[in-house]
Amino acid sequence: MGRPPQHTADDFLDAAARLFVAGGARALTMNAVAREVGAPSGSIYHRFPDRAALLAALWLRTTAGFQRDYLDVLGEQPTPDTAVGAATWLVDWCRDHLPAAVVLQAGVRSFEPDEWSAAARTELAAAEDDSRRRLDKAVRTLARQTGRPADQIAFALLDLPLAAVRRHLLAGEPPPKRVTVLVRSMVGLVLGAPAD
Numbered sequence: 001m002g003r004p005p006q007h008t009a010d011d012f013l014d015a016a017a018r019l020f021v022a023g024g025a026r027a028l029t030m031n032a033v034a035r036e037v038g039a040p041s042g043s044i045y046h047r048f049p050d051r052a053a054l055l056a057a058l059w060l061r062t063t064a065g066f067q068r069d070y071l072d073v074l075g076e077q078p079t080p081d082t083a084v085g086a087a088t089w090l091v092d093w094c095r096d097h098l099p100a101a102v103v104l105q106a107g108v109r110s111f112e113p114d115e116w117s118a119a120a121r122t123e124l125a126a127a128e129d130d131s132r133r134r135l136d137k138a139v140r141t142l143a144r145q146t147g148r149p150a151d152q153i154a155f156a157l158l159d160l161p162l163a164a165v166r167r168h169l170l171a172g173e174p175p176p177k178r179v180t181v182l183v184r185s186m187v188g189l190v191l192g193a194p195a196d
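Below, the structure is given as C-alpha cells:
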C-alpha cells in the first residue's frame with residue numbers, strides 16, 4: 001500500500017501563485033513549483049500532467065474562488081448597500097489574498113489558455129458565461145433600484161475597485177486600508193448610497 005501524498009494540488013497551486021507574484025508566468029516551471037513546495041520534482045506530475053494543466057488549474061481555481069465569494073457578498077438580490085459592500089470586499093480580498101489577486105490582475109492571457117486542454121478551455125468559457133450572466137443580472141437589478149444607468153453600476157461594482165487596487169497589485173504589494181475607505185466613498189457616491 002502506497003504512502004498518502006505529502007502535498008496536495010492546492011499546495012502546488014499556492015506555490016505557483018507565490019512564484020507568479022515574484023516572477024510572472026515565466027517563473028512557473030514544474031520544477032520551480034515543486035521546489036517551492038519542497039516536493040520532489042516528479043510529484044507535481046501526479047497532480048498536473050504538464051505546465052499547461054498547472055496554469056489552467058491556477059487560473060480556474062483562483063477565478064472560481066474569487067467570483068463565488070464576490071457574488072455571495074453582492075447577493076442574489078443586491079441593494080446599493082450590498083454593492084458598496086462587494087466593492088469594498090474586493091479591495092479587502094486583494095489585501096488578504098495578495099498572490100491570488102496578482103494572478104487575477106494579470107488576466108487569463110498571462111496563463112496561456114490556448115495551450116490548455118479542451119476540457120479546461122470549456123470550463124473557462126462556462127465559468128466566464130456564468131459570472132457574466134450573474135453580474136449582468138445584478139447590474140440590471142441595481143439599475144432598476146437606483147435609477148442609474150447600467151454602465152455606471154458596472155463601473156461602481158468592478159471597474160472602480162479594480163482600478164483602485166491595480167497599481168498596488170502591479171507592484172506586488174497589498175492595497176493599503178485607506179483604499180477600502182476611498183472605494184466605499186466613491187462607490188457610495190456613484191450608487192447614491194450613504195458613503196459613511
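Last residue of the sequence shown: number 196 in full-length UniProt numbering, and the count goes up by one each step with no gaps. We put the beta carbon where it would ideally sit given N, CA and C, even for glycine.
For residue 79, does the three-state DSSP call read helix, strand or coil?
Within the sequence shown, numbered from 1, the residue matching residue 79 stands at position 79. Three-state result, residue 79: coil.
Could you tell me how far apart the beta carbons of residue 148 and residue 85 are, in whole angstroms, since I believe they sit closer than 8 Å?
The residue you call residue 148 lines up with position 148 of the sequence shown. The residue you call residue 85 lines up with position 85 of the sequence shown. Contact flag wrong, Cβ pair sits at about 17 Å.
C-beta atoms of residue 51 and residue 19 nearer than 9 Å:
One-based indexing of the sequence shown puts residue 51 at position 51. One-based indexing of the sequence shown puts residue 19 at position 19. Not closer than 9 Å, so no.
If you compare alpha carbons, which of 130, 98 and 108 is closest to residue 170?
As a position in the sequence shown, residue 170 is number 170, starting the count at 1. Looking at the Cα atoms, 98 is the closest of the given residues.
Can you tell me whether residue 184 is buried or exposed, with buried defined as 16 or more other CB within 10 angstroms of its CB?
Counting from one through the sequence shown, the residue named residue 184 turns up at place 184. With 16 or more other Cβ atoms within 10 Å, it is buried.
Is the beta carbon of residue 103 sitting closer than 9 Å to the one on residue 58?
For this step, residue 103 is matched to residue 103 along the sequence shown. For this step, residue 58 is matched to residue 58 along the sequence shown. Yes, the Cβ-Cβ distance between residue 103 and residue 58 is below 9 Å.
Where does residue 42 fall in DSSP's three states?
Sequence index remark: in the sequence shown, residue 42 carries index 42 (1-based). Reduced to three states, the DSSP call for residue 42 is helix.
Output the distance between the C-alpha atoms of residue 189 and residue 125, rounded to the nearest integer angstrom.
Here residue 189 is taken as the residue at index 189 of the sequence shown, counted from 1. Here residue 125 is taken as the residue at index 125 of the sequence shown, counted from 1. About 34 Å.
Supposed contact pair residue 66 and residue 100 - C-beta distance, whole angstroms, cut 8 Å
By one-based count along the sequence shown, residue 100 stands at place 100. By one-based count along the sequence shown, residue 66 stands at place 66. Contact holds; Cβ gap of about 7 Å.
Which class does residue 116 belong to by DSSP, given the choice of helix, strand or coil?
Taking the sequence shown and counting its residues from 1, one reaches residue 116 at position 116. In the structure shown, residue 116 sits in coil (DSSP, three-state: anything other than H, G, I, E or B).
Would you call the segment 130-144 and the segment 164-182 touching, i.e. three or more CB-CB distances under 8 Å?
no
Span of the alpha helix (DSSP H), counted from its first residue to its last, around residue 99:
Translated into the one-based positions of the sequence shown, residue 99 becomes position 99. Per DSSP, residue 99 belongs to the alpha helix (DSSP H) from 98-106.
Close-in-space but distant-in-sequence residues of the same chain around residue 90 (CB under 6 Å, 5 per side omitted):
The count along the sequence shown starts at 1 and reaches residue 90 at position 90. Cβ neighbours of residue 90 beyond the five flanking positions: 161.
Under the three-state DSSP convention, the category residue 8 falls into
Residue numbering aside, residue 8 sits at position 8 when the sequence shown is read from its first letter. Three-state DSSP puts residue 8 in coil, outside helix and strand.
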